[in-house]
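Taking it in order: structure first as structure tokens, then the write-up.
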Amino acid sequence: MSKNLISVLAAVAVVVLSGCDLFKGQQPYAPTVQEISVVLKDGQIIPARMTIKAGKVRFVVKNQGTIDHGFEVEGGGIEEEIDPFPPGQTRSLELELAPGTYEVYCQVPGHKELGMKGELIVKP
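If you read the sequence shown in my numbering, its first letter stands for residue 609, the second for the next number, and so on.
Shown next as structure tokens:
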């Protein structure tokens with residue numbers, strides 16, 4: 609074999625073998641986070657009915673009421689909340705949800721009974 613051919617084969621081998629580690633150290637594929645915008649008004653949660661796919665979800669919750677409101681997700685063995693916060697502010701809550709039906713509501717005493725509640729349906 610000629611020296612040029614050996615040099616070319618050696619160079620190709622180096623490139624191929626170094627490519628084996630090309631993706632080493634990179635993060636694995638991260639699943640998409642579904643985002644739902646929720647508005648809290650005095651006496652209501654908008655939207656009152658939400659449907660999403662199972663997996664990661666981020667609730668972005670804005671208080672457009674005139675007093676403090678909170679946001680709670682309950683069902684399927686979970687109960688997670690955003691503590692009550694002042695009007696005009698926004699908070700977020702990220703959860704991993706399994707298929708099922710969940711209740712969402714403002715946990716400030718008396719607000720749920722005044723209509724600040726809704727339903728979250730999580731499909732497979």
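Note that CB positions come from ideal geometry on N, CA and C, so glycine has one too.
Have a look at residue i and residue j and give me their C-alpha separation to the nearest angstrom.
i    : j    : result
L701 : E721 : 23 Å
P707 : E727 : 13 Å
P692 : H677 : 5 Å
I654 : G673 : 12 Å
V712 : K725 : 6 Å
G718 : D650 : 11 Å
L703 : N671 : 20 Å
Q652 : V641 : 25 Å
V665 : E689 : 14 Å
V669 : G663 : 19 Å
P694 : C714 : 13 Å
E687 : Y710 : 10 Å
I660 : T698 : 21 Å
Identify whether residue i lies in helix, strand or coil by the three-state DSSP scheme.
i    : result
K649 : strand
Q715 : coil
L705 : strand
V616 : Low confidence applies here, because V616 scores a pLDDT of 49, under 50, leaving its location unreliable; read the following figure in that light. Three-state DSSP puts V616 in a helix.
K661 : strand
G684 : coil
D691 : strand
H677 : strand
Per DSSP, what are the beta-bridge partners of residue i in this structure?
i    : result
V669 : V646 and R699
L722 : L722 pairs with nothing; no bridge assigned.
V730 : I660 and G708
If we count Cβ pairs, one from each stretch, closer than 8 Å, do we get three or more for the stretch 681-691 versus the stretch 646-655? No contact exists between the stretch 681-691 and the stretch 646-655.
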